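Q: Before anything else, here's the structure in question.
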Amino acid sequence: MASALYKKANMATWQAARLLLVMWLSAFSPFVVHAQTATPHPERLIFHFADSINALLGNTAHGHNIDECTTTLYLKHNMFTKRRGPIVRYIPNMPRLERGMHHYQTEVQMRIQFHPHGKTDCKIVACNSNAPYLQPERFGSWGRFSFQIYQPKLFIDRLLNPFSRRNSIYYKYTVRQTMPTHDAKPTTMRVDIRPRFNNDQLAKGYADINMLTGAVVHFELSFHHQLQNITVNAQFGQEGYQQLVPTTMRTTSDFKLFGNRVYEICDIYPTYNFKCPTATLQNKKRQYDLTQQCVLRIDTTHVNLSAAYFDTIRPVA
């Protein structure tokens, strides 16, 4: 009897010591210990924010509509190439490469008009590059594209968005840590996103979520596309429409095949205008022709090729 009481008291002492150790570590650690127990389902917070902005997306009472916004993009593109053999000539969508190792720099300014039903108009305003075979329309040929991150597709049609409730069955969400502000109160949590199975339409990475609103403030996702390993790093605003679209982006792609390599880094700085454009007249015969409404048109006429032009529009990093 005495031995059982001694074991019980000893166990209680060890549990108390363990609790004190955890409290001591959490006081000196920059992150909160065992954040997983605080938010077991972080995806619910994200989906709640996505559901709450549905009214905002379709609100046109004040002359704004995110489905018909105009975006001006500044792209700074760096490409490192290593060509060995002619096999890269037969890769789809691969630009013509010079033999050997090279480094190319390109700056592009373009204007994109988003319309409902996936219709997109792209205008290449200016382009300057030291790559001899790089065409300006390569940076605008994205197909159907959207900057909204709470849609079922993330940016392009083929990538299933982990921030959409519809695709939650394909992903696993785990809280890695919570990050406090200056007052030591956590306001942002980092969530690991992993696909439940291997598929080229699924991405993996992490996202920083606002614990008060559920809005995504930053994410880094990686996926495979056309023999390339692509990583997207995006930062978002804190209020209004800026919470729905990225304010800065960096995409990196790495292509390797039989000694050939193409490594690309593209920094994107978008500027949005959510004012509804003037309504245009449509031919009634083609009003419901989805082939015409979902087409991407790229205008490359009167492109400014001067390097001095970018000195006036280049954003400060």
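In my numbering, the protein residues as written are -19 to 297. Glycine is no exception: its CB is placed at the ideal position from the N, C-alpha and C atoms. Remember, it's a predicted structure, so these values are computed and weren't measured experimentally.
1) Drop a sphere of 10 angstroms on the beta-carbon of T281, count the other beta-carbons inside from all chains shown, and report buried for 16 or more, exposed for fewer.
2) By DSSP's criteria, I248 is part of a beta bridge. Which residues make up the other side?
3) Report the option in P22, L237, Q115, T86 whose CA atom is closest to the CA atom of Q208.
4) What I want to know is whether the C-beta of P132 ends up closer than 6 Å to one or more non-hydrogen atoms of the ligand NAD.
5) Here's the rule: buried if 16 or more other CB atoms are within 10 angstroms of the residue's CB, otherwise exposed. What is K152?
6) R176 to M229, Cα distance in whole Å?
7) Using 10 angstroms around the beta-carbon of S286, count the other beta-carbons present and answer buried if the total reaches 16, otherwise exposed.
8) Taking only three categories from DSSP, how would you classify G65?
9) In angstroms, rounded to a whole number, what distance separates the CA positions of A30 and Q131?
10) Relative to the C-alpha of I92, which residue among Y289, A288, N253, R294 is closest?
11) Using C-beta distances below 7 Å, list every residue in its chain close to G185, excluding the 5 sequence neighbours before and after it, in chain order.
12) If you measure between the beta carbons of G217 and T227, is that distance less than 7 Å?
13) Using beta-carbon positions only, say whether I293 and L55 come within less than 7 Å of one another.
14) So, with DSSP's three-state summary, where would you put L25?
15) Buried or exposed for E23, please, with buried defined as at least 16 other CB atoms from any protein chain shown within 10 angstroms of its CB.
16) With F290 as the anchor, note down where its alpha helix (DSSP H) starts and where it stops.
17) Since L314 contacts Q85 with CB under 8 Å, what's their CB separation in whole angstroms?
18) Using 7 Å as the threshold, is the C-beta distance between V242 and T61 below it?
19) Please report how far the alpha carbon of T251 lies from the alpha carbon of R79, in whole angstroms.
A: A quick look at the data gives this:
1) exposed
2) L55, M229
3) L237
4) Ligands displayed in this structure: none; no statement on the ligand NAD is therefore possible.
5) exposed
6) 26 Å
7) exposed
8) coil
9) 9 Å
10) N253
11) I173, F199, E200, L201, S202
12) yes
13) no
14) helix
15) buried
16) 290 to 293
17) Nothing in the structure corresponds to residue 314, since the chain is present only between -19 and 297.
18) yes
19) 37 Å
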